[in-house]
Structures are given as C-alpha cells and as structure tokens.
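J.:
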Amino acid sequence: MTNEELILEAKKAREHAYTPYSHFQVGAALVTKSGKIYHGCNIENAAYTPTNCAERTAFFRAVYEGEREFEKIAVVGGPEGSEADELCAPCGVCRQVMMEFCDPETFQIILADGKGKCLERTLKEMLPFGFGPENLGNN
Ligand code: THU
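Numbers -15 to 123, taken from the numbering used here, label the letters of the sequence shown in order.
(1) Alpha carbon to alpha carbon, how far is Gly114 from Glu67? Give it in angstroms, no decimals.
(2) So is the beta-carbon of Ala46 under 7 Å away from any non-hydrogen atom of ligand 1?
(3) Taking 8 Å as the cut-off, does the segment 37 to 51 touch the segment 64 to 81 (at least 3 CB pairs, one atom from each stretch)?
(4) Would you call the CB atoms of Ala58 and Leu(-10) closer than 8 Å?
(5) Applying the 10 Å Cβ sphere with the 16-neighbour rule, what's the burial state of Pro88?
(6) Is Cys86 near ligand 1 - that is, is its Cβ less than 7 Å away from at least one heavy atom of it?
(7) Looking only at C-alpha atoms, which of Leu107, Lys56, Glu(-12), Pro63 sits nearest to Asn26?
(8) Which same chain residues end up closer than 6 Å to Tyr22 when comparing Cβ atoms and leaving out the 5 residues on each side of it in sequence?
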C-alpha cells in the first residue's frame, strides 16, 4: 500500500464524517502490518465532548476486529464542502491512542491536503516523550 493509495482511502473515509457542529470533516485510513485497511471519520455529538476523531474511529474499529499491529495511518481533514487545503494533524488524544498500539519509532503518520501536499512523520516525532504501555513496566 503506497502512501498515495492510502491518502485516497483517507479521502474516501472523509466523506462519511458526521460534523453538524464544526463542519470540519476528517478521514483516516489505517493500515495493519498484515496489510488490511481500516477507515475512520470524525463523529460529532450535540454534547460536544463525546466527539470521536477520525483517527480514533479507525483504531477502535480495527482493535474491535482483533488487530493489534499497525504500520501507518493517513489523515485528511478540512472544512466541509471542499478539498482539504491544509494539513490536519492528529490531536493529542489520538496520538495517545496510537501510543497504546504502535511502536513510536516505526509507526508512520501521513498528513495530506487535497492538493498534493503531504508530510510523513513517525509517532515519536509527533509525540516526543510519549507515555505508553512500556512505561508501566508491568506487562
Ligand atoms: N478532528 C479529527 O477528527 N481529527 C483530527 O486530526 C483533528 C480534529 C475532528 C474533531 C472535530 O470533529 C473536528 O475535527 C473539529 O475539531
């Protein structure tokens, strides 16, 4: 799965976003180490805080299906009704969820807009000094 292919999947996922409050639509496409893709979109809520980001939707769908090993994720987000014109970086909560399931040294986060710009970083670059399962020292 090339980054370009994965970005297209994230764009498709973005079409499913439920965003009656922010009107900011995000799509994510997550690839497992075995090559399966899980899509996610942001799902908002009238009470605001229960909103789930696209990245977490993708992770939770995958984890529910039994997946535990992940290679990379592509994220595309921007105001509804148009192509994304800026890069959309995962929020802190989503980075922390990635920390639970991914090797920060190797897991790649690919951000793309709708005009061909993209940026790729490891989870460690996006979340330096992250706290993960290893830090608890009891597993
Ligand atoms: N959002 C995501 O889904 N992923 C991100 O990477 C950043 C923000 C969502 C949450 C909310 O529905 C909307 O974008 C505006 O914050």
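C-beta: ideal position from N, C-alpha, C; glycine also.
T.: On the basis of the coordinates in this document:
(1) 32 Å
(2) no
(3) yes
(4) yes
(5) buried
(6) no
(7) Pro63
(8) Leu14, Ala42, Arg45, Ala46
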